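**Q**
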Amino acid sequence: MKHLRHLNKYFVKYKWKLISGLIITIAARIFAIYYIPLIGNSTNVIEGYVKGEITDVSFVRSELVYNILLIIGATLISAFLTFLMRQTFIVVSRHMEYDLKNEVYRHYQDLSLNFYKKNRTGDLMNRISDDVSKVRMYLGPAIMYSVTTFTSTVVVLIYMIEAAPELTLFTVIPLPVLSFAIYKLSVAIHKRSTVVQQYLSRLNTFTQESFSGIAVIKSYGIEPQTNRNFTELSNTNRDKNIDLVKVQAFFFPLMVLLIGISNILVIYIGGRKYLNGEIENLGVIVEFLLYVNMLTWPVASIGWVTSLIQQAEASQERINEFLNQKPEIKNHKSAPDKIAGSIAFKNVSFTYDDTNITALKNVSFEVKNGETLAIIGKTGAGKSTVLELIGRLYDVDQGEISIDGTNIRELNLESLRNSIGYVPQDAFLFSDSIRNNIKFGKTSASDEEIYEAARNASVHKNITGFSKGYDTVLGERGITLSGGQKQRVSIARAIIHNPAILLFDDCLSAVDTETEEEILNNLFKISQNKTTIIVSHRISSAKNADKIIILEDGKIVQQGAHSQLINQEGYYKELYAKQLNEKEM
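In structure tokens form, the structure reads like this:
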């Protein structure tokens with residue numbers, strides 16, 4: 001139960017609702033059991049009339065009618081209170097589920113980018129959906145039935161001891177056996193539940209990746225192989241679930257067996273005591289049979305509740321595994337900062353944890369507020385890493401990055417990122433309308449601001465050409481659009497909120513040179529008084545920059561303006577000549 005301790009804060013939060021539910025439950029159980037002594041009394045009255053001890057028929061009739069009316073009244077009250085009980089506990093469990101899902105989701109957002117490189121999307125989704133649902137069953141039904149079971153058992157035992165203490169002792173003999181069996185089965189259920197959740201995560205991950213990569217699967221014609229892999233994984237998942245169900249299947253038959261033994265003991269021992277005159281009234285035996293059978297569901301539910309708790313324990317352990325992970329990137333300052341935009345790298349080195357690749361080695365450069373820097377280099381030279389470090393998606397291993405003369409670690413993280421318009425190399429769009437994808441950069445943007453941003457990104461004409469225009473809903477990851485259109489919508493999203501720093505990571509690679517020229521001219525206008533960094537493989541994107549640096553194997557090998565670099569021997573001059581020849585051809 002140690003992993004479920006994390007949920008105690010939710011019990012404290014909703015303590016008054018839970019206390020009211022507890023009171024309602026106790027009242028409901030008392031009224032539910034209240035009818036049993038009335039049946040016992042009715043049996044005694046009938047027995048007395050049969051034996052001739054009671055001769056007044058009207059007394060018998062009135063006594064029976066009175067008891068029947070009390071039984072109906074108690075049953076109706078019990079039913080109403082049971083309804084309130086379920087409303088209280090189940091509604092509270094839904095609130096707790098809501099809170100837990102939000103806690104997990106917020107923590108996911110706080111975790112660093114490195115976390116997402118090490119964990120699969122399907123597994124993350126399973127923990128916030130299926131695992132949280134398993135925990136809710138503990139927060140709601142398991143708690144509710146635990147309270148019901150405990151209350152019913154205590155009240156029933158009080159009535160039984162009051163009626164016949166010795167017979168009660170014989171009746172509860174099977175309970176220690178039941179307790180031991182529950183303990184052994186609980187251990188087995190916990191182990192199997194953990195395995196089931198792990199395989200369910202694998203199945204969700206495989207399914208999510210298959211749907212996201214369906215175009216690749218179809219283009220390579222590997223549907224049969226994918227189906228076989230899914231079937232194999234699905235069969236394994238089924239087998240693990242069957243292993244769990246086999247253990248769970250022992251619970252109910254075991255409960256029924258032990259309750260049956262208790263009934264036999266009541267009839268045999270109680271019957272002998274009645275015949276020997278130790279029990280005066282037959283109604284006592286009738287009451288005991290009803291008490292024992294009333295314990296059937298509470299006792300039987302022990303197994304079900306135990307199963308729910310063990311599954312919740314396994315799921316909460318998986319949830320805690322992520323909740324206990326601390327964000328690598330921490331916000332060290334709560335007060336907002338005003339970001340102007342000058343950037344300086346001082347002897348910066350950085351190595352990726354997941355691949356152990358050193359992306360930058362002792363890199364130093366400076367971009368003043370309002371200047372444009374272009375970064376050129378081969379694939380894997382470290383260009384994108386520079387932009388990720390400026391957005392503080394990672395922290396440097398050595399050296400220092402400063403913004404406006406302040407170490408980037410000392411800036412308010414939210415202020416920093418709100419001051420950046422970032423267009424990643426792999427343009428990501430959400431499964432929403434084009435309008436909302438652009439407004440993602442500024443949720444309060446007016447339609448005119450959206451249209452202006454789209455015009456500056458040279459995508460307005462494309463959008464208005466769609467049948468639904470800006471209300472066109474995109475497929476997953478923006479699959480509805482072409483590569484160039486996705487890049488231009490991403491540019492519009494970045495520039496709409498007028499940031500102090502603009503970062504473009506090879507975001508014009510999928511557009512033709514004419515469109516590229518149009519976009520660059522627009523960006524040149526809107527980037528006045530903004531710090532702009534452009535990563536590109538094209539000289540055309542870099543030539544108008546105030547400064548150009550050439551990265552090779554994580555090091556700066558050349559830097560200067562376009563006019564200087566084309567006259568220096570090196571990568572830039574070679575790339576310029578090559579692209580100039582391609583343009584002439």
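Each residue of the sequence shown is one higher than the last, beginning at 1 in the working numbering.
Using N, Cα and C, we set each Cβ at its ideal position, and we do this for glycine too.
Remember, predicted model here, so these are calculated numbers, not experimental data.
1. Leaving aside the five residues before and after G377 along the sequence, list all residues of the same chain whose C-beta is less than 8 Å from its C-beta, in chain order.
2. Got a sec, what are the start and stop residues for the beta strand (DSSP E) Y422 sits in?
3. Could you tell me whether the region 497-504 touches the region 525-544, where touching means 3 or more Cβ pairs closer than 8 Å?
4. Between the region 417-425 and the region 482-496, are three or more C-beta pairs nearer than 8 Å?
5. Kindly indicate which residue of R228, S415, S193 has the alpha-carbon position closest to the one of R318.
6. Leaving out five residues before and five after G140 in sequence, what residues of the same chain have Cβ atoms less than 6 Å from its Cβ?
7. What does a CB cutoff of less than 8 Å around Y14 pick up in its chain, not counting 5 residues either side in sequence?
8. For E516, is the classification buried or exposed, using 16 other Cβ atoms within 10 angstroms of its Cβ as the cut-off for buried?
9. Report all residues from its chain with a CB closer than 8 Å to the CB of R86; omit the five preceding and five following residues, and keep chain order.
10. What residue ranges within the region 270-328 form continuous alpha helix (DSSP H) runs of no fewer than 4 residues, ordered along the chain?
11. Consult DSSP for T406 and reduce its assignment to one of helix, strand or coil.
12. Helix, strand or coil, according to DSSP, for D239 in the structure here?
13. Secondary structure at T115, three-state DSSP: helix, strand or coil?
14. Just grab the DSSP bridge partners of D505 for me.
15. In whole angstroms, what is the alpha-carbon distance linking R392 and D432?
16. Grab me the residues of L18's own chain with a C-beta within less than 7 Å of its C-beta, minus the 5 sequence neighbours each way, in chain order.
17. I'd like to confirm the pairing. Which residues does DSSP put opposite I550 in its beta bridges?
18. Can you give me the C-alpha to C-alpha distance between T55 and L81, rounded to a whole angstrom?
19. For L100 and D130, what's the separation of their Cα atoms in angstroms?
20. What's the gap between the Cα of I285 and the Cα of L169?
21. Grab me the residues of S186's own chain with a C-beta within less than 7 Å of its C-beta, minus the 5 sequence neighbours each way, in chain order.
22. Taking the alpha-carbon positions, what's the N8 to K2 distance?
23. Nearest by alpha-carbon distance to F504: which of T513, V535, F31, Q485 is it?
24. Between the beta-carbon of A381 and the beta-carbon of G554, is there less than 8 Å?
25. Enumerate, from N- to C-terminal direction, the unbroken alpha helix (DSSP H) stretches of 4 or more residues contained entirely within the region 94-143.
26. Let me know the secondary structure DSSP gives A74 once reduced to three states.
27. Just the C-alpha distance for I189 and Q197, rounded to the nearest angstrom, thanks.
28. Per DSSP, E366 is paired with what?
29. Pull up the distance between the alpha-carbon of Y49 and that of V57, whole angstroms please.
30. Let me check understanding here. Comparing Cα to Cα, which of D243, I77, L295 lies closest to T171?
31. Can you tell me where the alpha helix (DSSP H) holding Q591 begins and where it ends?
32. With S342 and K368 assumed to form a contact (beta carbons below 8 Å), what rounded beta-carbon distance in angstroms separates them?
33. Taking C-alpha atoms, which residue in V348, F365, E53 lies nearest to A359?
34. At which residues does the alpha helix (DSSP H) containing R5 begin and terminate?
35. State buried or exposed for A635, treating a residue as buried only when at least 16 other CB atoms are found within 10 Å of its CB.
36. Buried or exposed for I72, going by 16 or more other Cβ atoms inside 10 Å?
**A** By the coordinates alone:
1. In its chain, beyond the 5 residues on either side, K383, I550, L551, E552, Y571 have a beta carbon closer than 8 Å to the beta carbon of G377.
2. 420-423
3. yes
4. yes
5. S193
6. F89, I90, S93
7. V92, H95, M96
8. buried
9. Excluding residues within five positions, the ones whose Cβ falls inside 8 Å are M144.
10. 282-294, 296-323
11. strand
12. D239 falls in the helix class under three-state DSSP.
13. Contrary to the premise, residue 115 reads as Phe rather than Thr in this sequence. In this structure, F115 counts as helix in the three-state DSSP scheme.
14. V535
15. 27 Å
16. The residues are F11, V92.
17. I376, Q558
18. 40 Å
19. 12 Å
20. 14 Å
21. T306, Q310
22. Distance between N8 and K2, taken at the CA atoms: about 11 Å.
23. V535
24. The answer is yes: Cβ separation under 8 Å.
25. Look at the region 94-143 and you find these whole runs of alpha helix (DSSP H), each 4 residues long or longer: 113-118, 121-128, 130-137.
26. helix
27. 12 Å
28. A344
29. 8 Å
30. Taking only the C-alpha atoms, the option nearest T171 is L295.
31. Only positions 1 to 585 of the chain appear in this structure, which leaves residue 591 out of reach.
32. 5 Å
33. Of the listed residues, the one whose Cα sits closest to A359 is V348.
34. Here R5 belongs to no alpha helix (DSSP H), and DSSP marks it neither H nor E.
35. Only positions 1 to 585 of the chain appear in this structure, which leaves residue 635 out of reach.
36. exposed
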